[in-house]
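This note's numbering numbers the first residue of the sequence shown as 8 and each following residue consecutively.
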Amino acid sequence: MRNLCLCLALAAAPGGAACGGDDDGAPPDAAPPSDGYVVVDGAPRVDADVLAWVDFATDGCTLVTIPAGDGGAPRTECHGAAPLTVRFAPVVPSTVDAYLWTFGDGGSSGEPTPTHVFALPGAYDVGLSVAGPGGTATAARPGWIVVAPAPAGAACTASAQCGDGASCLCGDGATCDGGWTAGACATPCDDASDCAGGVCARLGGDGSTAPWAGGWCLPACDDATACADGRACAVVRADDGAWARACVP
């Protein structure tokens, strides 16, 4: 009955508008609205192509919750020691054609899932901007990556990565012997009493003029399980001339 009334109203209108268009007299389908919504069975539904937001996930660092202070809200940071390698992945509700990552240290990437190395200690702002058929969106996390100085014995490529006054052996352009894959953060020593339970390793041998030759404190170990990731338990010459085991890259 409603369709019949609608047809009669259209026919009576000025210009004599046509009615129907199929065998049962139903009016033709109306064009869907253009505001990102379509109507299905009388209920609105968000268009799947709308890019309303973007977020991102990280891997390779440790999530740390910082308690609220002065009435503020708690915040989360991603921590690790220098040099810190972090993998990033976007979280989006729709199709994305273009990515722009910024890492707060001057580096950037247009890859969907980049890997970035934060070489030096500090706090870094990370941002992601995306674009696709459904529009654009941006996510920003100030101070999200927090890189701490590398501890004694940790792998390094520059002395600026090391904490507690340590230098990067074989870093800053120096080359190590013995098959080390990277430099190691270490402080100089005369004997084991300078190393707080570690090994005062005599590197380079007698008469060596290498920049890393001499006595250096390295973490002691019994086997590889005592060493952090990226380090091996190797035999080194100790300060008393005996052999000892220490963690090296």
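Each residue gets a CB set at the ideal place from its N, CA and C atoms; glycine is no exception. From a predicted model like this one, the values you see are computed outputs, not experimental measurements.
Simplified DSSP state of THR216, which is helix, strand or coil: Position 209 of the sequence shown, counted from the start, is the residue given in the question as residue 216. Three-state result, THR216: coil.
Check whether CYS192 and CYS224 have beta carbons under 7 Å apart: Sequence index remark: in the sequence shown, residue 192 carries index 185 (1-based). Sequence index remark: in the sequence shown, residue 224 carries index 217 (1-based). The answer is no: Cβ separation not under 7 Å.
Three-pair Cβ contact test at 8 Å for the region 85 to 105 versus the region 136 to 145: yes
Cβ pair count under 8 Å reaching 3, the region 75 to 83 against the region 115 to 125: no
C-alpha gap between ARG238 and GLY67, whole angstroms: Along the sequence shown, read from residue 1 onward, the residue named residue 238 stands at position 231. Along the sequence shown, read from residue 1 onward, the residue named residue 67 stands at position 60. Their backbone Cα atoms lie some 17 Å apart in a straight line.
Where GLY205 falls, given that 16 or more other Cβ within 10 Å makes a residue buried: The residue given as residue 205 occupies position 198 in the sequence shown. Classification for GLY205: buried.
Straight-line Cα distance separating CYS207 from ALA245: To locate residue 245, count along the sequence shown from 1; it is residue 238. To locate residue 207, count along the sequence shown from 1; it is residue 200. In a straight line, the C-alpha of ALA245 is about 6 Å away from that of CYS207.
Per DSSP, the bridge partner or partners of THR122: By 1-based counting over the sequence shown, the position of residue 122 is 115. Partner(s): ARG94.
Whole-angstrom distance between GLY113 and ALA189, CA atom to CA atom: On the sequence shown, residue 189 is found 182 positions in, with the first residue counted as 1. On the sequence shown, residue 113 is found 106 positions in, with the first residue counted as 1. Near 24 Å, if we compare the C-alpha coordinates of GLY113 and ALA189.
Secondary structure, beta strand (DSSP E): runs of 3+ residues fully inside the region 100 to 169: 105 to 109, 122 to 125, 129 to 139, 142 to 155
DSSP-derived helix/strand/coil call for THR188: Residue numbering aside, residue 188 sits at position 181 when the sequence shown is read from its first letter. Here THR188 sits in coil by DSSP.
N- and C-terminal bounds of the beta strand (DSSP E) containing CYS207: For the purposes of this step, residue 207 is taken as the residue at position 200 of the sequence shown. First-last of the beta strand (DSSP E) with CYS207: 206 to 210.
Expected contact under 8 Å - CB spacing of VAL154 and PRO121 to nearest Å: The count along the sequence shown starts at 1 and reaches residue 154 at position 147. The count along the sequence shown starts at 1 and reaches residue 121 at position 114. So it is not a contact: roughly 17 Å between Cβ atoms.
Exposure of LEU135, with buried meaning 16 or more beta-carbon neighbours within 10 Å: Numbered from 1 along the sequence shown, position 128 holds the residue referred to as residue 135. By the 10 Å Cβ count, LEU135 comes out buried.
Beta-carbon separation (whole angstroms), CYS183 vs CYS175, contact threshold 8 Å: Translated into positions along the sequence shown, residue 183 becomes position 176. Translated into positions along the sequence shown, residue 175 becomes position 168. That belief does not hold up - the Cβ atoms of CYS183 and CYS175 are roughly 10 Å apart, past 8 Å.
Rounded C-alpha distance that separates ALA157 from PRO226: Along the sequence shown, read from residue 1 onward, the residue named residue 157 stands at position 150. Along the sequence shown, read from residue 1 onward, the residue named residue 226 stands at position 219. If you take the alpha carbons of ALA157 and PRO226, they lie about 13 Å apart.
Endpoints, beta strand (DSSP E) assigned at VAL71: Within the sequence shown, numbered from 1, the residue matching residue 71 stands at position 64. Unbroken beta strand (DSSP E) run through VAL71: 69 to 73.
Cα-Cα separation between GLY28 and ALA59, rounded to whole angstroms: The residue given as residue 28 occupies position 21 in the sequence shown. The residue given as residue 59 occupies position 52 in the sequence shown. Bear in mind that the predicted position of GLY28 carries a pLDDT of just 42, short of 50, making it too unreliable to give a figure here.
C-beta atoms of GLY160 and CYS254 nearer than 7 Å: Taking the first residue of the sequence shown as 1, we reach residue 160 at position 153. Taking the first residue of the sequence shown as 1, we reach residue 254 at position 247. A contact, by the Cβ cut-off of 7 Å.
ASP201, DSSP secondary structure in three states: For this step, residue 201 is matched to residue 194 along the sequence shown. Helix.
Simplified DSSP assignment, three categories, for THR83: In the sequence shown, residue 83 corresponds to position 76, counting from 1. THR83: strand per DSSP, three-state reduction.
Separation of ALA167 from ARG94, as counted between CA atoms: Residue mapping note: residue 94 aligns to position 87 of the sequence shown, counting from 1. Residue mapping note: residue 167 aligns to position 160 of the sequence shown, counting from 1. Answer to the nearest angstrom: the Cα atoms are 23 Å apart.
Local conformation of THR4 per DSSP, three classes: Look at the range of the chain in this structure, 8 to 256, and you will see that residue 4 is not part of it.
VAL99 classed as buried or exposed, judged by whether at least 16 other C-beta atoms fall within 10 angstroms: In the sequence shown, counting from the first residue as 1, residue 99 sits at position 92. Of the other Cβ atoms in all chains shown, 16 or more fall within 10 Å of the Cβ of VAL99; this residue is therefore buried.
Under 7 Å between C-beta atoms of ALA130 and PRO90: The sequence position of residue 130 within the sequence shown is 123, counting from 1. The sequence position of residue 90 within the sequence shown is 83, counting from 1. Contact: no.
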